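Worksheet: the structure to be examined is printed underneath.
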Amino acid sequence: ASGTAVVKSGTLFNGDSLIGGSFAFTDKNAGTNKTVTVSGVTFGNVSSTGNYALTYTDNTSSTITRANLTVTANAVTKTYDGTLTASGSGTVGTLAGVGDVVNSAGSQAFLDKNAGTGKAVRASGVTIKDASNADVTGNYLISYVDNTAGVINRAALEVTTSSVTKTYDGTLSAAGTAVVRSGTLFTGDSLSGGSFAFTDKNQGVGNKTVTVSGVTVG
């Protein structure tokens, strides 16, 4: 601790002054109403040293503020999977405490799940421990900085239609339902709409082709 010795009780007489001293917190963790000890104070007028019965009293109203710590997310590239999940963890800045190390590097997540470039990725969950393995995360004011260079590539999805049966009407019209042929339709996503048509208008069984287009994913 960096302190200044002051008189708590008694009188420091004209021409006498306090100098120096050693100051130390009784615990290292951030907080208010912290105790600071003092010792080794001397007098500016050396000849006055023997004139005072010097005693020391701790200060109990000192403060240790939390150290600033920046954690910067790293860019992630993945294929769309319907979730916000992102691999890896953030990059932790310089730790202030002697002997402090990263206990948990935490995790990362996209801020939205949809395909695109320039996607924001945010880190979270970093914890810090000291040399005795005590959790000292509370001694840091952690700021998480987003990375805006993430990429979510589109997932491949092949769509077909269920079999269509109708009575001949002289047209190519077909009333179909879009279904997934290959790829994965992830949880919460669904197919809707679409345009369906026979490739020829004539009667036939089991060998008629139906095309599909215009399907959307909700």
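Position in the sequence shown (from 1) plus 6 gives the number in the working numbering.
Note that CB positions come from ideal geometry on N, CA and C, so glycine has one too.
Predicted, not measured: the structure shown is a model, and the values here were computed from it.
Assigned secondary structure, residue i (DSSP; H/G/I helix, E/B strand, else coil)
{"i": "Gly144", "result": "helix"}
{"i": "Asn57", "result": "helix"}
{"i": "Val52", "result": "helix"}
{"i": "Tyr86", "result": "coil"}
{"i": "Lys40", "result": "strand"}
{"i": "Val221", "result": "strand"}
{"i": "Arg72", "result": "coil"}
{"i": "Asn159", "result": "strand"}
{"i": "Asn80", "result": "coil"}
{"i": "Val13", "result": "coil"}
{"i": "Gly26", "result": "strand"}
Check whether residue i and residue j have beta carbons under 9 Å apart
{"i": "Asp195", "j": "Val223", "result": "yes"}
{"i": "Asp87", "j": "Phe192", "result": "yes"}
{"i": "Gly122", "j": "Val157", "result": "yes"}
{"i": "Asp141", "j": "Ile148", "result": "no"}
{"i": "Ser28", "j": "Val12", "result": "no"}
{"i": "Asn159", "j": "Lys84", "result": "yes"}
{"i": "Ala161", "j": "Gly124", "result": "no"}
{"i": "Thr78", "j": "Ala129", "result": "yes"}
{"i": "Asp152", "j": "Ala180", "result": "no"}
{"i": "Leu197", "j": "Val211", "result": "no"}
{"i": "Phe202", "j": "Val165", "result": "no"}
{"i": "Gly105", "j": "Ala81", "result": "no"}
{"i": "Gly9", "j": "Val42", "result": "yes"}
{"i": "Tyr146", "j": "Ala115", "result": "no"}
Contacts around residue i, its chain only, beta-carbon distance under 8 Å, and the 5 residues preceding and following it disregarded
{"i": "Tyr174", "result": "Lys207, Asn208, Gln209"}
{"i": "Val47", "result": "Ala11, Leu24, Ile25, Gly26, Gly27, Leu60, Tyr62"}
{"i": "Gly199", "result": "Ala184, Gly220, Val221, Thr222"}
Sequence-distant residues of its chain with Cβ nearer than 7 Å to residue i (five each side left out)
{"i": "Thr177", "result": "Lys207"}
{"i": "Ser110", "result": "Gly131, Val132, Thr133"}
{"i": "Val108", "result": "Val98, Val132, Ile134"}
Interface flag, residue i vs chain C, CB-CB below 9 Å
{"i": "Gly9", "result": "Going by chain labels, chain C is absent from the structure shown, which holds only one protein chain."}
Contacts around residue i, its chain only, beta-carbon distance under 6 Å, and the 5 residues preceding and following it disregarded
{"i": "Gly131", "result": "Gly112, Ser113"}
{"i": "Thr55", "result": "Phe49"}
Residue i CB to nearest heavy atom of the ligand MG below 8 Å
{"i": "Gly103", "result": "Ligands displayed in this structure: none; no statement on the ligand MG is therefore possible."}
message = Would you call the stretch 35-43 in contact with the stretch 61-77, where contact means no fewer than 3 C-beta pairs closer than 8 Å?
response = Touching, per the Cβ criterion.
ask   = If we count Cβ pairs, one from each stretch, closer than 8 Å, do we get three or more for the stretch 90-97 versus the stretch 15-27?
value = With a cut-off of 8 Å on Cβ pairs, the stretch 90-97 is not in contact with the stretch 15-27, counting fewer than three such pairs.
Beta strand (DSSP E) runs wholly inside the stretch 93-139, at least 3 long, in chain order = Runs of the beta strand (DSSP E) inside the stretch 93-139: 107-110, 113-116, 122-130, 133-135.
message = Extract the residue ranges of the beta strand (DSSP E) inside the stretch 156-197, only unbroken runs of 3 or more that lie entirely within it.
response = As far as the stretch 156-197 is concerned, its whole beta strand (DSSP E) runs of at least 3 residues are 163-167, 184-189.
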